[in-house]
Every structure is written in C-alpha cells, then in structure tokens.
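Heads up, the sequence shown is in the working numbering, so the first residue is 2 and it goes up one at a time.
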Amino acid sequence: MSGSMSEDKRDLYFKALNSPNYGSLHDKQHNLIQYLVRSHVDSFNFMLANTLQRSLESLPEHAFRTEYGQIISFNIKDIFIGNPTVSKSNVSGATQMLYPAECRQRRISYTGPLIVTLGWSIDGVKQEAIPKHLGDVPVMVKSNICNLKNLTPTELVQKGEEAEEAGGYFIINGIEKVVRLIVEVRKNHPLCIKQPSLKKGGELFTEYALKIRCQKPNGFSRELTFHYLSNGCVQVSFQFSKVYYIVPVMYLLKGLLDVSDNYIYDELLKGNEKNSFYKSCIIFMLRQLSNEDLLSQSSVLKYLGSKFRAMYNNPWLSDEIMGERLLSDYICIHLQSNVDKFNLLVYLVKKLYAFVRGECAADNRDSIINHEVLDAGRLYSLVLFDNLYKWLRSIQYEINKLLSSKSYTTITPDILNEAIRRRKTIVSYALNYLMATGNVSAQSSAPLWQKTGLCVIAERLNYHRFLSHFRAINRGSSLKKHSIAGVRKLYPESWGFICPVHTPDGAPCGLLNHLTIGCQIVNTLYDLSSFPELLGSLGVLSIGDKRDISYQEYYTVMLNGQILGYIHQDEAYVLCNKLRALKLDPSSKVPVTLEICFVPKTENVSLYPGVYLFSGVSRLVRPVLNLTWNKLEMIGTFEQIYLDIAVNADSIHDGITTHMELKEQNILSLLANLIPFSDFNQSPRNIYQCQMGKQTVGMTPYALSFRADQKLYRLQTPQSPIVRCEIYNDYQMDNYPLGTNVIVAVLSYTGYDMEDAMILNKGSVERGFSHGCIYKSINIDLKSREMENSNFIFSNEDEIPGLDADGLPPVGTHLEYSSPYYSYFNQETSQQHTVYYHEKEEAYVDQVKILGNDTGTGELTNVIIVLRVPRNPIIGDKFSSRHGQKGICSILWPSEDMPFTESGMTPDILFNPHGFPSRMTIGMILEFMAGKSGALHGMSHDSTPFSFNDDYTASDHFGKLLTAAGYNFYGTERLYSGVTGEELEADIFIGIVYYQKLRHMVSDKFQVRTTGRVDVQTHQPIKGRRRGGGARFGEMERDALIAHGSSFLLQDRLLNCTDRCLTKVCTECGNILSPIQSPVDSTKIAYDMQHWSCMLCKKSETIKNITIPYVFRYLVAELAAVNINLKVDVK
C-alpha cells in the first residue's frame, strides 16, 4: 500500500481526532445532531406561534344562567406562556432567569408562567377583561421560550449544558422527560374498512364502513364513521362524551344547504348515472326525509337540534341554532364552509358505495401511507385547551357555590376573582401531571385514543440511548397486550421512513419503531389561500363549474380533505408533474413539503382513484433526488408508492425512474447506520445490536458536575473504533465513545467459553480494559423527616470522625458498610442523629450539592450526595460486539496461561467459534480483518453498509491489506498454548474487534440468601433483592433438581431454609388443625404429649409431631374457611 493512500485514509476517518481543534468548543453547534431532535423542538415552537392562537379562536364560549336569572358567559381572549424565571422574592439569585441545569440539580421543574386574559359578560353586557396567572406549565428545552435559545456552545457550557445540547425534552422534578411520537391515522383522508365487528352496531349494520378523522388547524379532531346498512342506506356515527350517536347521512346533507331533494339526488348521482341500484338507494334515503316531514333545511336543523340539545348546556337557544352548532362542531370540522362540507359528504358516500360494490380496495390502516404523528406540541395544546375549558366550567361551579353561601344577587368582580383563585391550578396541574407520569386523566375529553404512556424518561445511559428517544415512533402501548400480526408487520411502503432493524425484540416488537436518519416531521403551516386559483390555471375545473361534463372521465382533486375541483383523466399526470416542478421552485407559493398523490384508475381493484394533495403538519417526509430537475425533493409516505425511486445510479431505468435515493444507507436509523458491515449480518443480529447499543456503558455527559441523575454509567477507558461507518464521523460520535478496541482470538480454550461465555485476559483487565463506574445521586431532604417538636439541620455537633462540621461527608470520602454517612441536628430537642452507610458496595463521595429554596433563604436542610461506585469487570458481567454477539465473562484467565502468537502477543478475549455458524454474523468476521489491517497500517477503515459488491468483495479488500502487512490473507495465525508452550494444531483466526461493556452487571443482580426476613402470613421468604429476599425457585428449577436426584438439596432449599414448621397432627382423623393444647397442671411436668388432644376425636394418644412447610398449614386453614377438609395420611 502506498504511503499517500494511507495518509488520505487516515485523514478521512481520523480527521476529528487528528484535528488541532479537537476537544475545543466551536462557534456554532453541529447541524446534523440538531437535525435529529428538530422535530420535537419545531412542534413545540409551532404550538407557541400558531396552535395557541388558533385554539383560542375555536375555544367555545361557556355560558350559564344563575339562580337569579342572569346569563353569565366566559371566554379567553388571550393566552401567553412566558420564559422560565425564579421566584420574584428570591434575594440571592444573580438573575431572574431560570436555567435547566439548576432544575436538574434542585430536582424542580423547568416551567414558565401561564397567563390568560379572561373576558366575561353579564346578560350580554361585556365587562372588563381580567388577566390571570394560572400557574406554571412545563417548557421544552431549546424552544423559543427557553432561556437557552440561540446560545453558542461556549455559552451553553457556561450555563452547565452540553456543547451540542439540542433540547427537545421537558424537565419535571429534575428528570428529563420526552414526549413519545405516537402514530395516528392520517387526518382529513377517508379510509374504507371491512371489519366484521361493525355488524354489532345494529340490526342492519354490515361489515362495510368508511372512516375519516377530521382535524381542525388547531389540532383538535373528531372521527366520523359512515356505515353501510344492508337495506342500502348510509348512516353516520360520531362520539360525544364517550357515547356514540348515529344520524342518517341525508339528514346531514339536507341540514347543510338549503337545496331541493333533486339537487341532492343529482350531486350524488354524478359519475354513477347507469347504476340502478345506487339510484334506488338514494331515492330510498330521500324518501325517509319526506316520511319524517323534513322537507326544508330549517325543519332538519330544528329536528337535529331537538334531538341533540342534551349535548349542550344552553337551554335558552332555539332548536335551529342548536342544529347549526351540531353540524359546525361535529361534522367535517376541518372545513369552514357548509358548501365544502356538503361536497365532501357527497364524495364520501360515493366512495363507500364504490367500496361495497368492489370497485375499490379496502385501505390498510396499519400501513404508513395512512399514518401521521401525534407530536409534543399538539399533545401539549390538546391537554392545555381541554383543561382550559374545564377551568371555565369550574368557575361556574364556584360562582354558584359563592352565590348560595353569601347574600349576593348578582356577580361582582370580587366574586369572580375568588372563584378563579379557588380553581386556578387546574390547567398547570394537568400539564405537569402529563409530563411527570405520561398519562392523561381518564375524564379528559381530549381526542386521544391512547391516554397512558405518552411520555418517557429521556435516559442518558449513553449517547445512543438518549438520541434514540427522539427518533422513536410508537404505535401504541395498548397494542402490546394483543397478538395482532398486522400492526407489527413491516410493510414495503415503510421504505425510507421506518428503520427495518431498529425495533426491540419481545412484546413491543414492531410497535416501537424508529425513524430513518433522513426522515422528518412537517411542522410548518403554509398559506394556501391562492391555491385554488393556481390549480385553475393548471387546468383543474372548479367544484362550482356548471359546465356539462362526463364525470366518469374526471378525477377528483382534493387538498387536505377539501374538494377543489376535477381534472380530466388525460391531464391528471401532467397536472402532478407541473405541481412537482412548482414545488421545487423556491420562488413559487407551492409548499416544499406538499405531498402530491395521483392514484390512477386500474384494471384491477386498487385504491379509490383521484388526485390527493396534502400540506398539513405532523406528516412524515424524507429527501430524495428528483432526476428530472436534479434537485432535492421532500416526499411523503402516500406519494412514495406511486413514484419510481432508484436505490442507486446503477438501477436507474430511462423513462421510468423519476427519483433516486441520496444514499443507500438512508433506509436505516442512526443506530443501525453505526453497525459496521451490517449488510453482511443476519437481520436479527442487527436488531439485537440496536438494542444493546443503547445498553452500553459509555461516556457520561460532560456537564456531569451540573447534573443530579439518579444513576449514570461511565466507561473509564473508552477508545475510538478502528473500524467505523462514515456516519460515525458525520455525527461526531468520537465525543461519546462506547467501547474499546480489543484483540480477539476465535478458539475453544479450556471449556470456559461454552454457550456465549467468553474468557477475558486478566492482565488486560488489570491494565484498564472496560474499567467503569456508576454515579448515584442521593437526595436527602430533612424537611420530609420533620415531625412534631422537630427542626432538623445538617450539623456535626458530636464531631463524628469522617464528617465535616456541617454533618456532610467530604468529597473523596471512601464509604464502606457502616461508615458515617451524614448527621443532622434537632434544634428543638438538641439531639444529634447520625446516619450510616448501609449499602454492601463500597463507594466514594464524588460531589456534595447543597440545595436551597425558591427564595434563597432556606436553611441547610436539603442536599444531594453524588456517589461514585467503581465497576471493573468481574465474572458474570456482560459484553457485546457491535454485531449482536453478546457474551458473559466466565473467567479472568491469567495472562501467562493465555495462548500467544509468534510475536508474543496474547489476546484480550477468547471467543468460541461456535458463535458464528448459527448466527451468521459475517460482519464481525470482516471487522476482525479490517481492525487488524487498520492497526497494522495505522489507519481507520470505512465499514459503511452497501459499500462492497460481488465484483469488489470486502474479504479480498482486507485480505490484500493483511498480505501487504506480512500477515496471512485470511487473518489467521499460529498460536501457542500458554500452559504447555506447544503450538496449537489449527490456524487461529485473530484480529481486532470493538467491544462494548453492557450495563447488565453481576453487582446489580446477584442475590444470595440463607435465612432472613419472611412474610408474616405465609412464613416464606419475602421477594426483592434490595430487601434481602429469597431467590425465585420455580417448578422448572425443581424439576431440574429432581432429574439430578438431588432430593436432600431440594429438602434443604424448599423446606429447611424457607418455612420449615413443626406442627401436630391427629393420626386418626388426619387433621392438622384439630389438635389443641389442654390446660397444664403446674404440679406435673411442664410439657409432654399428653397435654395435646384432638378436638374431633377427643383423644390425646393420637397426636404426633410432623415437619411440614408452613405454607401448607396456611393452605389447609384457607381451605377449612370454605368448608373443605384436608386430611393428612400419616404412616
């Protein structure tokens, strides 16, 4: 190999480490890292800038009538969420601004003030608006109202943050919480479904239906279901307060517009003039209206208003107004105009009948083309405004309560202020509860199909785990309980959006997925007011065009669930191409994230044809290269299935291919992209590595001294991998390395490496291999211990050795079992209390943080002690390569007994060769060769997947590099026994592999017990490792010991050391509950067998002693309580 090539490679892959600026702070943050989290931050910013105001406009006014006849109405005129600040009464703070680092250390929440302006009126007379502070609500880190916004890396470090802090999470009680991305059905798009359970809706209901989730611009949604009945009619169902209501579709059409029955008939029949059955169904539904004497729009509205009046608490409004409000609040709520609602209902009825006739296929609700995402900003706004309306209603309750308790006959500002004061924490409590628990109240009316598991802790076990929280997309925690295959399948439509390997094994497999590295969520709303005019200029006929056309030859053009017009079938493809060209033109008004979906008519049954355009938020998009214009284009999930996208330049077909992937690796998530040679591995092994990469002990955050996490892991001797993917450098993963380059020999040696066990070189471990530690933060709050006649402060009045004068241990103190931990003093009783360290594992005091209160005037009563617990490799610890090859350290083998090469080098790990054939991790074999050649040539190797092919194989490439360094082409060497010095008969495959130490360590899991605490009721050992409980011994373990003939061991474990009990039994009746003790004669011997007798047999000579488990006696007593007698046959 030439020196220049080696230098180029070293520059390319070690450029970060070789840079003179490595380790120093940059002027700007790294864009790629910010890009991974941007969807969460953008969603919260979109909520602040857009959704808050839109939700405010649509928040209904709450009105009620008092017992004195006054009509009081409330509405919220303005809402504002401010930047987080400390208490205004704080006397010691250098600034009023509150920063996340302080919240983490003090275990408080990062919140900002929620201020609303309440407008109110009495009998229609407006009163002076009242601004009110409704408590503090959570604020997302790095959002537009966060105090870290726009800070440079240097300024972030000064504030106690990471230099590349990207935010995207909330801080609740000092814990970082991230809102999960939950999969939702695509909004404003109708889906045809065929489901047998739909027949349970009523007598005439069939399995055919059409569903559409209508969503307002503020994020509030309602679902409509169009049911097809066996008599040919269509009925619409919707939900209110967890109750389903059903209305015939003709009632809705008639109530929306003041038109004749003939107009409705003509609109429904367009494009289906020759279908006689369809005609008869329309006539039958119209006849139902006339039978009810509903011949005008006004009569229909009055009828609907009288039936649904109970849904509203406005008895003074007329039936017609109530009917209008019903259509406005529940029917196609994403549309403002009744004309648009009418047109959409007509379209939905046509689609449903086409589906029933078999002219279009059912939509797959589990396919990603019909999905979008519930993100943090929308969830936040839904819960916020749901509880704001509850707050308005609660004011009514408090006002009525005050009016009845005091001699008031009218509402005054004082009464209103008092009512608000009593209920002002409703909103802030709900949002803080959501972020703290991840749950929404069961009584919440927010349109959420999942109300639990919405937030999770953003664990910083390592950098990979932390980043993966922001890329995870969850199908729903409730689906874990069901063994439904459809929701877990990886459909072809997911290509480029959902990573095919980054999903956990077990119950959440296929339900918890991760976005690919290029996938993003749309969080920008565009102004589309001029879009109908643009479409008209491109040949689209307006929906109101009265010209006589053959609708069978036209496609419906729909934008975000609104029908804009029709396009001739010969011009539809041209229209989509023109829109796509405008989409790529920065000067046009067409959104760059516009989804252009053309579903053509086909000979076979397929999706309902039409031109569907989507520009709303919460959609998944990803970048591809448009070959026609040679520009980057963002495409959506729906339009992708109708595009021809080449994977690389070799697969382009002229005249057919329209787009090309930017990179072949874009189908994988960030973690999957970091697996070296992943295209050579069996797929399940890549799945395992995606999980184990998140369980690896790695680098802690650099701002460790400004954090107080309950548990953090740290690897003391991390290294940069010799074999790495290109993306490893792109995302600066060297800042948070997760493993060590080790020399691994593949051979079976001593038998200690069977079944995933592996042998570690004791000398390597003593030199620092995989040395690590755990940081544990212990919060000690004396206020929580105070009782009557107590006032505690930290102090060392008795001068306990090992503690400072303030009663706290000095930094660096070595703590062993029963060492003085801390002491505190009761100022009321002048008593000193000393607490001793009761953990079995030794630790060192790393930090002592003294916490104050919000005003800065508190005494020394609250501290956090950070302990550092050393964790060096021991037998039983778990390790893994980056290919899902996990193993347990079975023994630390002395260096002098390890096999060695001709040069005298001993391997760090001995790996059993039986781990390769069944698992087929060929990528690990290549890493052996690449790591070895990289170390020999002083260079790093690129292991990006899909880099090699049949014409240029990886084995030949690295084999030639090994040969150039004077080693065997296949990476094998001759080894010699460390015990006898003899040469081993076979050539041994040996090389360098990047190994990870997992957090699964014996010190956290071992459980040993002889005797100890037992359950009071059953006398069996309690469970729980921390409480010194017993180890679980089940039926399978019992069967194993029986098979080995270990009877006495069974007796010792399951009887003598658990709940051995000496009891008495009557040998005649066989009862162990009937023996009772007779009164003792003091003149005779104190105790003998004659003092016991059987209650049933009235005999004493039949009483004998037997040894049984106490739980058996407990069982006999329980059975006796339900009149079941259990007899013991004593021989």
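Backbone N, C-alpha and C fix where the C-beta goes; we use that ideal spot for every residue, glycine too.
Residue(s) in a DSSP beta bridge with residue 758: Its beta-bridge partners are 889.
Alpha helix (DSSP H) segment containing residue 392, residue limits: Residue 392 -> alpha helix (DSSP H) spans 377-406.
Collapsed DSSP secondary structure at residue 1009 in the structure displayed: Coil, per DSSP.
Beta-carbon proximity check, residue 1111 vs residue 1060, cutoff 8 Å: Yes; because the gap between Cβ atoms is below 8 Å, this pair is in contact.
Option nearest residue 679 by Cα separation, candidates 885, 1106, 633 and 507: Closest by alpha carbon: 885.
Residue span of the alpha helix (DSSP H) that contains residue 288, given as start and end: Element bounds for residue 288: 277-292.
Residue 137 - partner residues in DSSP beta bridges: Its beta-bridge partners are 114.
Alpha-carbon spacing of residue 536 relative to residue 454, whole angstroms: Looking at the backbone, the Cα of residue 536 and that of residue 454 are separated by about 43 Å.
Three-way DSSP call (helix, strand, coil) for residue 60 in this model: Annotated three-state conformation of residue 60 is coil, per DSSP.
Local conformation of residue 313 per DSSP, three classes: For residue 313, the secondary structure class from DSSP, reduced to helix, strand or coil, is coil.
Member of 855, 851, 854 and 819 whose CA lies at the smallest distance from the CA of residue 839: Looking at the Cα atoms, 819 is the closest of the given residues.
Same chain only: Cβ atoms within 7 Å of residue 97, ignoring 5 sequence neighbours per side: The answer, listed in chain order, is 86 and 87.
Where residue 1133 falls: helix, strand or coil (DSSP): The first residue shown for the chain is 2 and the last is 1132, placing residue 1133 beyond what the model contains.
CB contact flag (residue 35, residue 167, <8 Å): Their beta carbons are under 8 Å apart, which means residue 35 touches residue 167 by this criterion.
Sequence-distant residues of the same chain with beta carbon closer than 7 Å to residue 113, five excluded per side: 82, 83, 84, 85, 137, 138, 140 and 146.
Residue 473 beta carbon near the ligand FMN (any heavy atom closer than 7 Å): In the structure shown, the ligand FMN is absent, as is every other ligand, since no ligand is present at all.
Inter-residue spacing [alpha-carbon to alpha-carbon] between residue 617 and residue 386: Cα to Cα, the separation comes out at about 21 Å.
Residues near residue 977 in its chain [Cβ-Cβ closer than 7 Å; skip 5 each side]: Close CB contacts of residue 977 within its chain, under the 7 Å cut and outside five residues either way in sequence, are with 900, 901, 983, 984 and 985 (chain order).
Same chain, Cβ closer than 7 Å to residue 1121, five either side skipped, listed in chain order: Hits under 7 Å: 1074.
Bounding residues of the beta strand (DSSP E) (the contiguous stretch that carries residue 782): 773-782 is the span of the beta strand (DSSP E), which, as asked, contains residue 782.
Residue 510, DSSP secondary structure in three states: Three-state DSSP puts residue 510 in coil, outside helix and strand.
Given 8 Å, three or more beta-carbon pairs between the region 188-204 and the region 55-70: At 8 Å Cβ cutoff, the stretches do not touch.
Neighbour-count burial assignment, residue 306, 16 or more Cβ in a 10 Å radius: Counting the other CB atoms within 10 Å of its CB gives residue 306 a total of 16 or more, which places it among the buried residues.
Rounded C-alpha distance that separates residue 1070 from residue 1098: Each residue's alpha carbon lies about 7 Å from the other.
Identity of the residues DSSP links to residue 543 by a beta bridge: As computed with DSSP, residue 543 is found in a beta bridge with 566.
Inter-residue Cα distance where the pair is residue 1020 and residue 1113: Spanning the two alpha carbons is a distance of roughly 10 Å.
Residue 93 classed as buried or exposed, judged by whether at least 16 other C-beta atoms fall within 10 angstroms: Answer is exposed; the Cβ neighbour count stays below 16.
Segment limits, beta strand (DSSP E) that includes residue 424: Where residue 424 is concerned, there is no enclosing beta strand (DSSP E), although the alpha helix (DSSP H) it sits in stretches over 414-424.
Cβ-based burial, residue 837 [other Cβ within 10 Å; buried from 16]: An exposed status is given to residue 837, since fewer than 16 other beta-carbon atoms sit within 10 Å of its beta-carbon.
The region 664-672 in contact with the region 416-432 per 3-pair CB rule at 8 Å: Cβ pair count under 8 Å is below three, so no.
Alpha-carbon to alpha-carbon, residue 1128 and residue 1096: Those two C-alpha atoms are separated by around 15 Å.
Beta bridge counterpart(s) of residue 1022 as assigned by DSSP: According to DSSP, which records beta bridges pairwise, residue 1022 is partnered with 1015.
Check whether residue 33 and residue 732 have beta carbons under 8 Å apart: Residue 732 is positioned such that its CB atom lies closer than 8 Å to that of residue 33.
Simplified DSSP state of residue 1114, which is helix, strand or coil: Correct three-state label for residue 1114: helix.
DSSP three-state assignment for residue 958, whether helix, strand or coil: In the structure shown, residue 958 sits in a helix (DSSP, three-state: H, G or I).
Secondary structure of residue 1095, DSSP reduced to three states: DSSP, read as helix, strand or coil, puts residue 1095 in strand.
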